[in-house]
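Since the structure comes first, as structure tokens, the remarks are kept for the end.
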Amino acid sequence: IRQLTDKRDRILGESYRLFYRNPVHLVKGKGQYLWDAEGRKYLDVYNNVASIGHCHPAVVEAVSQQMQQLNTHTRYLHENILNYTESILATTPAEIDRAIYMCTGSEANDLAIRVAKSFSGGTGIIVTQEAYHGTSELTSGASPALGSGQALAPTTRVVPAPDFYRLTPSDPGQWFAHEIQKQIDDMKQNDIKFAGFLADSIFSSDGVLPNPPGFLKAAIEVVHKNGGIFIADEVQPGFARTGDTFWGFARHGVVPDIITTGKPMGNGIPVSALFAKSDVLASFSDHIPYFNTFGGNPVSMAAAQAVLKVIQEENLQGHSRVMGALLLTELRRLQQKYRCVGDVRGAGLFIGFELVTDPESKQPNKALALDLIERLRDQGILTSVAGPYGNVLKLRPPLAFQAADIDWLVGGLDRALQQLCP
Ligand code: PMP
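Numbering (the UniProt record's numbering), first residue to last: 25 to 446.
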């Protein structure tokens, strides 16, 4: 371990960050389980990239078959990209009828912002307080999660996160819509034309804020009324994760103008997409070519097709709903038992477990959250924290998660909380 960390420190860029005081050296994965170099088994409660399970045989098979046959770019004809597009567009609202492929969520959001600008003729983008949308100039300029070292674009405006554990407006939807309207008004006063609202509907980096379902509806009406578009960043909630619906935005009963995806789409193969309404996309595509060397290649598309097939054939959406509800119930038992568990909330297998000093003050307890993930790691349970205060455990396992895994996780949490929060 020491040799590897020393070498990282010597030859990798300093921006890299490791998880854990005592880093984990993983060498193997299967389903929701991982193994380190010493053969120790871990439960993965964090990885939504290996969404259908680490090294899923259907993806391994599809990728190796296609890799042996051909891998090339989208300037030649190929069935894989067309077959996948037909399959995936069958899961989106009917108005969303065009697809473009790339390799990362950042690229998808970057293109989405460019399309929002050409469609609206504006430049102003609204995001939430702790949003993360990517690594490029445009997306990092719309990612307050990167902290004070990364300046936001002068055209980016930030609304408070919909944290209805701490904020208790009488009408959450109207409150959020009003916050959006305030930022659009502020743009107007500064001669910035509004282009769009970019949001991850589970507000993952804001601390996992899925509820109440439907609260986004009024906000999206305000976005449209003001000539902007809604870009649903589905990198986190998409692909059956939230249980109720295949896409996160659908829990809110809204239809986006653009959907962006990434992480879980290829179960680890770098593949991402932008799905859009044709009239919105045309405002960009009619004038500007888009070519992404690796995006949409036959191997990536084979991986994506295999992932979608497994989700549908194994009904992983239903499984996520059932397992997520079970896990929520168990975690709420811990909330009853320990005063430092302030809130437990989630949708499907995407759960936020919020640590506080006491339930009355709701004071965030980041130190406890950090100690807790270390204690969990010692029991072979891998997870991490999210949110503006870094005090929310983000529980987001591969969708293959089973009842026995819930026992492992909840038992581990119980033992750790007994020591840390007596
Ligand atoms: N959007 C969201 C909501 C994300 O969580 C991430 C990655 N954490 C991205 C975009 C960027 O995706 P990528 O790292 O694949 O570029």
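No residue lacks a Cβ here, since even glycine has one placed at the ideal position from N, Cα and C.
Are there any heavy atoms of ligand 1 lying less than 7 Å away from the beta-carbon of residue i, as far as the coordinates show?
i      : result
Thr353 : no
Asp257 : yes
Gly129 : yes
Asp224 : yes
Tyr156 : yes
Gly286 : yes
Thr109 : no
Thr159 : yes
Ile153 : Ile is not the amino acid found at residue 153; the sequence shown has Gln there. Outside the cutoff, so no.
Gln260 : yes
Asn133 : yes
Ser164 : no
Ser39  : no
Ser296 : yes
Ser324 : no
Ser408 : no
Ser144 : no
Ser228 : yes
Considering Cα atoms alone, identify which of the options is closest to residue i.
i      : options                           : result
Leu379 : Ser324, Gln359, Gly370 and Arg122 : Gln359
Arg363 : Gln387, His343, Leu351 and Gln198 : Gln387
Lys287 : Gly158, Thr116, Glu62 and Gly145  : Gly158
Ile283 : Ile216, Thr180, Ser309 and Gly129 : Gly129
Glu38  : Tyr44, Asn46 and Thr29            : Thr29
Asn46  : Gln403, Ala140, Ser296 and Gln341 : Gln403
Asp222 : Gln198, Pro294, Pro237 and His248 : This sequence places Leu at residue 222; Asp is not what is there. Comparing Cα-Cα distances from Leu222 to each of Gln198, Pro294, Pro237 and His248, the minimum goes to His248.
Asn104 : Pro322, Leu113, Leu170 and Ala306 : Pro322
Ile430 : His80, Gly220 and Leu406          : Leu406
Pro261 : Asn250, Pro234 and Ala326         : Pro234
Leu176 : Thr152, Gly197 and Trp199         : Thr152
Thr269 : Asn389, Gly372, Tyr44 and Ser408  : Gly372
Ala201 : Pro186, Leu94, Glu384 and Asn339  : Pro186
Glu338 : Trp59, Ala82, Phe143 and Lys418   : Ala82
Gly251 : Pro422, Asn95 and Phe143          : Phe143
Thr98  : Met325, Cys445 and Leu444         : Met325
Leu441 : Trp59, Leu417, Leu423 and Phe239  : Leu417
Which residues does DSSP list as the beta-bridge partners of residue i?
i      : result
Ala223 : Ala256
Asp395 : Answer is none; Asp395 lacks a bridge partner.
Lys54  : Tyr57
Val48  : The partner list for Val48 (beta bridge, DSSP) is empty, contrary to what the question assumes.
Lys301 : Ile120
Gly148 : Phe218
His78  : Gly55
Thr284 : Asp257 and Leu298
Glu85  : In DSSP, Glu85 forms no bridge with anything.
Met126 : Ser296
Counting Cβ pairs, one atom from each stretch, are 3 or more of them under 8 Å apart for the segment 235-249 and the segment 262-281?
yes
Using 8 Å as the threshold, is the segment 260-273 in touch with the segment 67-75, meaning 3 or more CB pairs across them?
yes
For the structure I just gave you, are there three or more beta carbon pairs, one from the segment 156-170 and one from the segment 127-146, closer than 8 Å?
In short, these stretches touch, since the Cβ pair count reaches three.
Would you check if the segment 312-332 and the segment 406-425 touch, i.e. whether three or more CB-CB distances between them fall below 8 Å?
Counting Cβ pairs under 8 Å, fewer than three are found: no touch.
Pairing CB atoms from the segment 210-220 with CB atoms from the segment 342-360, are three or more of them under 8 Å?
Touching, no.
Please confirm if the segment 114-131 is in contact with the segment 223-234, defined as three or more CB-CB distances below 8 Å between the two stretches.
Note that the segment 114-131 does not touch the segment 223-234; fewer than 3 beta-carbon pairs, one per stretch, sit closer than 8 Å.
Could you tell me whether the segment 41-55 touches the segment 295-307, where touching means 3 or more Cβ pairs closer than 8 Å?
The segment 41-55 vs the segment 295-307: no contact.
Pairing CB atoms from the segment 340-348 with CB atoms from the segment 109-117, are three or more of them under 8 Å?
The segment 340-348 is not in contact with the segment 109-117.
Can you find at least 3 beta carbon pairs, one from the segment 174-192 and one from the segment 142-150, that sit closer than 8 Å?
yes
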